[in-house]
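What follows is a single structure, written as structure tokens, with notes after it.
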Amino acid sequence: MTSLTQRSSGLVQRRTEASRNAAADKERETGEDDESRRGEEEDEDKGDSKETRLTLMEEVLLLGLKDREGYTSFWNDCISSGLRGCMLIELALRGRLHLEPCGIRRKSLLARKVICKSDAPTGDMLLDEALKHIKETQPPETVQSWIELLSGETWNPLKLHFQLRNVRERLAKNLVEKGVLTTEKQNFLLFDMTTHPLTNSTVKQRLVRKVQESVLDKWVNEPQRMDKRVLALIFLAHSSDVLENAFAPLLDEQYDLAMKRVRLLLDLDPEGEAAKSGANELLWAVVAAFTK
Numbered sequence: 001m002t003s004l005t006q007r008s009s010g011l012v013q014r015r016t017e018a019s020r021n022a023a024a025d026k027e028r029e030t031g032e033d034d035e036s037r038r039g040e041e042e043d044e045d046k047g048d049s050k051e052t053r054l055t056l057m058e059e060v061l062l063l064g065l066k067d068r069e070g071y072t073s074f075w076n077d078c079i080s081s082g083l084r085g086c087m088l089i090e091l092a093l094r095g096r097l098h099l100e101p102c103g104i105r106r107k108s109l110l111a112r113k114v115i116c117k118s119d120a121p122t123g124d125m126l127l128d129e130a131l132k133h134i135k136e137t138q139p140p141e142t143v144q145s146w147i148e149l150l151s152g153e154t155w156n157p158l159k160l161h162f163q164l165r166n167v168r169e170r171l172a173k174n175l176v177e178k179g180v181l182t183t184e185k186q187n188f189l190l191f192d193m194t195t196h197p198l199t200n201s202t203v204k205q206r207l208v209r210k211v212q213e214s215v216l217d218k219w220v221n222e223p224q225r226m227d228k229r230v231l232a233l234i235f236l237a238h239s240s241d242v243l244e245n246a247f248a249p250l251l252d253e254q255y256d257l258a259m260k261r262v263r264l265l266l267d268l269d270p271e272g273e274a275a276k277s278g279a280n281e282l283l284w285a286v287v288a289a290f291t292k
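Counting along the sequence shown from 1, when you hit position 233 you're at 233 in UniProt numbering, and nothing is skipped either side.
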């Protein structure tokens with residue numbers, strides 16, 4: 001007959017083995033969870049994480065910035081208006097702006113006024129400042145007018161207050177906060193200048209790769225099937241004279257193909273594209289303003 005002590009020791013032994021097995025199972029599950037989490041994190045790294053999710057303005061500026069020097073080309077006089085176009089499209093994609101209805105007379109995109117659909121804050125100071133101007137302006141202005149007013153390119157002194165100042169510097173500071181750029185002082189003989197060299201090359205490479213793939217490996221040949229944000233980025237990067245920077249690393253054959261497909265996009269009729277199902281009319285109005 002088995003003694004109570006023997007039964008007790010057997011019970012303890014079985015419990016110990018069960019605990020070991022449970023611990024091993026838990027360790028395996030934890031390992032699997034960790035691997036799953038790592039996989040998810042890797043997937044997130046392939047896309048934009050919350051910390052490095054960029055606005056259209058920031059993406060265009062980043063494409064135009066010289067990596068080491070930390071400033072845009074002194075000869076680029078297109079990027080200022082291009083960044084204002086980015087703001088209008090960004091606000092439209094976020095549901096804050098839209099074009100007035102075309103009506104029975106079928107007004108053209110450039111003749112239709114920009115209407116504030118929602119004045120909810122975006123969390124971006126520049127976007128909120130532009131949105132405030134558009135909301136408070138009566139009668140409303142067209143897309144072309146807003147690009148000029150926000151750039152300060154107006155002959156009317158009463159409308160100079162619409163100009164958004166220090167846009168590039170403010171966007172660069174946003175990128176510094178997101179860990180993409182850093183801030184330095186450089187001496188240019190007669191004056192000191194604040195520059196913002198690139199520190200996170202991964203974000204820039206991801207952006208360049210996104211632009212390249214959109215007209216190469218992921219080309220769909222139908223603008224309405226393209227991601228609206230990527231489509232807008234291609235148009236505005238071209239209008240800001242920085243698209244070339246994204247294509248510079250390509251091989252000659254790839255470069256020629258990429259530029260051929262960009263030309264196909266530039267040759268599209270904005271009026272016709274805006275009339276298609278699911279199109280963002282304000283996006284195409286901005287495109288029309290830059291390609292007319």
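Idealized CB from N, CA, C, for every residue including glycine.
| field | the segment 190–209 touching the segment 62–72, judged by at least three CB pairs closer than 8 Å | value | Short answer: they touch.
| task | Helix, strand or coil for Leu99, going by three-state DSSP, please let me know. | result | On the sequence shown, residue 99 is found 99 positions in, with the first residue counted as 1. Here Leu99 sits in strand by DSSP.
| Residue range of the alpha helix (DSSP H) that Asp256 falls in? | Reading the sequence shown from its first residue, position 256 is the one you call residue 256. Start and end: Asp252 to Leu266.
| message | Could you pull the DSSP bridge partners for Asp128 from this structure? | response | As a working note, residue 128 is residue 128 in the sequence shown. DSSP output for Asp128 lists no bridge partner at all.
| On the premise that Leu150 lies in contact with Arg84, defined as a C-beta separation below 8 Å, what is that separation, rounded to the nearest angstrom? | Position 84 of the sequence shown holds residue 84. Position 150 of the sequence shown holds residue 150. Contact flag correct, Cβ pair sits at about 4 Å.
| query | Closest to Ala232 by CA distance: which of Leu93, Phe247 and Asp67 is it? | reply | Here residue 232 is taken as the residue at index 232 of the sequence shown, counted from 1. Among Leu93, Phe247 and Asp67, the Cα nearest to that of Ala232 belongs to Leu93.
| query | For Gln186, which residues from the same chain have a beta carbon less than 6 Å from its beta carbon, with the 5 sequence-adjacent residues on both sides left out? | reply | As a first step, residue 186 must be located in the sequence shown, where it is residue number 186. Result list for Gln186: Met193 and Thr195, in chain order.
| CB Leu91 to CB Leu131, shorter than 8 Å? | Working through the sequence shown from its first residue, we reach residue 91 at position 91. Working through the sequence shown from its first residue, we reach residue 131 at position 131. Going by C-beta atoms, Leu91 is nearer than 8 Å to Leu131.
| request: Using the Cα positions of Ala258 and Leu250, report the straight-line distance between them to the nearest angstrom. | output: For the purposes of this step, residue 258 is taken as residue 258 along the sequence shown, with counting starting at 1. For the purposes of this step, residue 250 is taken as residue 250 along the sequence shown, with counting starting at 1. Answer to the nearest angstrom: the Cα atoms are 9 Å apart.
| query | Within this structure, are the beta carbons of Leu124 and Thr72 separated by less than 8 Å? | reply | By one-based count along the sequence shown, residue 124 stands at place 124. By one-based count along the sequence shown, residue 72 stands at place 72. The residue you asked about is not Leu; residue 124 is Asp in the sequence shown. Going by C-beta atoms, Asp124 is not nearer than 8 Å to Thr72.
| query | So does the segment 212–231 actually touch the segment 253–267, counting three or more Cβ pairs closer than 8 Å? | reply | yes
| field | Best match in Val262, Leu236 and Phe191 for proximity to Trp219 [C-alpha to C-alpha] | value | Indexing the sequence shown from 1 puts residue 219 at position 219. That would be Val262, whose Cα lies nearest to the Cα of Trp219.
| message | Here's the rule I'm using: 16 or more other beta-carbon atoms within 10 Å means buried, otherwise exposed. How should Glu244 be labelled? | response | Residue numbering aside, residue 244 sits at position 244 when the sequence shown is read from its first letter. Label assigned to Glu244: exposed.
| request: Just mark Pro270 as buried or exposed, buried being the case when its beta carbon has 16 or more other beta carbons within 10 Å. | output: For the purposes of this step, residue 270 is identified with residue 270 of the sequence shown, where counting begins at 1. By the neighbour-count rule (16 or more Cβ atoms within 10 Å), Pro270 is buried.
| query | When the Cα atoms are used, what is the spatial distance from Thr154 to Asn174? | reply | Locating residue 154 in the sequence shown gives position 154, where the first residue counts as 1. Locating residue 174 in the sequence shown gives position 174, where the first residue counts as 1. The alpha-carbon atoms of Thr154 and Asn174 are separated by roughly 27 Å.
| request: Starting from the N-terminal side, write out each stretch of the alpha helix (DSSP H) that is 4 residues or longer and does not extend beyond the segment 117–169. | output: 125–136 and 143–151
| request: Just the C-alpha distance for Lys292 and Glu222, rounded to the nearest angstrom, thanks. | output: Translated into positions along the sequence shown, residue 292 becomes position 292. Translated into positions along the sequence shown, residue 222 becomes position 222. Near 21 Å, if we compare the C-alpha coordinates of Glu222 and Lys292.
| request: Would you kindly work out how many angstroms separate the C-alpha atoms of Asp227 and Leu97, rounded to a whole number? | output: Sequence index remark: in the sequence shown, residue 227 carries index 227 (1-based). Sequence index remark: in the sequence shown, residue 97 carries index 97 (1-based). Near 19 Å, if we compare the C-alpha coordinates of Leu97 and Asp227.
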